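Here is the structure we will look at.
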Amino acid sequence: MSIRHGLLALLERGPMHGYQLRAAFEESTGATWPLNIGQVYTTLSRLERDGLVRPLPESDGGQQPYEITDAGRTQLDTWFVTPISRAERPRDELSIKLALAITTPGVDIRVVLQTQRTATMRSLQEYTRLKARGSEPRPADLAWSLVLDAMIFQAEAELRWLDHCESSLVRHNVTPVPRSSTPNPTSERSEVTS
48 MSIRHGLLAL LERGPMHGYQ LRAAFEESTG ATWPLNIGQV YTTLSRLERD
98 GLVRPLPESD GGQQPYEITD AGRTQLDTWF VTPISRAERP RDELSIKLAL
148 AITTPGVDIR VVLQTQRTAT MRSLQEYTRL KARGSEPRPA DLAWSLVLDA
198 MIFQAEAELR WLDHCESSLV RHNVTPVPRS STPNPTSERS EVTS
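Take the sequence shown: its letters are residues 48 to 241, numbered as in the working numbering.
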């Protein structure tokens, strides 16, 4: 997620200072990805350095508002029309965990799968409850609803993938790798030197 572009999109609505930007970001995304205020101000400094925003005179409260520049609008427009690349996927901790659990001695991947399935199901139920309570009369509510839909679809996809993993384990007759009964190499060394 590009915080940089998110802040530019919010500044397209009008000038805001850091705390207003954080609040608007969290309102737009349903606080799904809370922003650290330090991250907001660091990003604003970089945007200013790059000529994408400019500071305005401080308010009476001492807050420094920013506004988007023409260069910022151009970059924002480009961001909105450029598809998100799926080729450069971030590391997925769950995929890595499962890949390693298959071959790590003493780890029962079936337990890892079941634990994750339970957690994902719990998340899906919570997202579904939130969706049932939601309304969409305002654009911010619709934005939150769309974010929530994405979270629901991702949880459903993860559950399908976990089912697939479990089926693959059964199909390939995978059983847990037992822990090695060989002594720890460092304890062997200490016995030899004694």
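Yeah, the Cβ is synthetic: ideal placement off N, Cα and C, and Gly gets one too.
Model, not experiment: these values are computed from the prediction.
Member of the options whose CA lies at the smallest distance from the CA of residue i
| i | options | result |
| --- | --- | --- |
| S170 | G65, T79 and R185 | T79 |
| T90 | E73, G61 and S49 | S49 |
| S142 | I156, R133, P130 and A134 | I156 |
| R226 | P81, V154 and H219 | V154 |
| R185 | E59, A134, Q172 and G77 | G77 |
| T129 | H52, L216, E203 and D188 | H52 |
| A187 | F72, Q67 and G61 | F72 |
Contact check, residue i vs residue j, beta carbons under 8 Å
| i | j | result |
| --- | --- | --- |
| L94 | L54 | yes |
| A190 | S75 | yes |
| V224 | T150 | yes |
| L147 | C212 | no |
| G108 | Y88 | no |
Whole-Å CB distance - residue i paired with residue j, under 8 Å assumed
| i | j | result |
| --- | --- | --- |
| L99 | G85 | Not a contact, Cβ separation roughly 19 Å. |
| M63 | P112 | 6 Å |
| L209 | T167 | 7 Å |
| R69 | L82 | 5 Å |
Beta bridge counterpart(s) of residue i as assigned by DSSP
| i | result |
| --- | --- |
| P102 | Y113 |
| M63 | Y113 |
Q) So, do the region 123 to 140 and the region 185 to 203 have three or more beta carbon pairs nearer to each other than 8 Å? A) no
Q.
Between the region 175 to 192 and the region 97 to 116, can you find at least three pairs of beta-carbon atoms closer than 8 Å?
A. no
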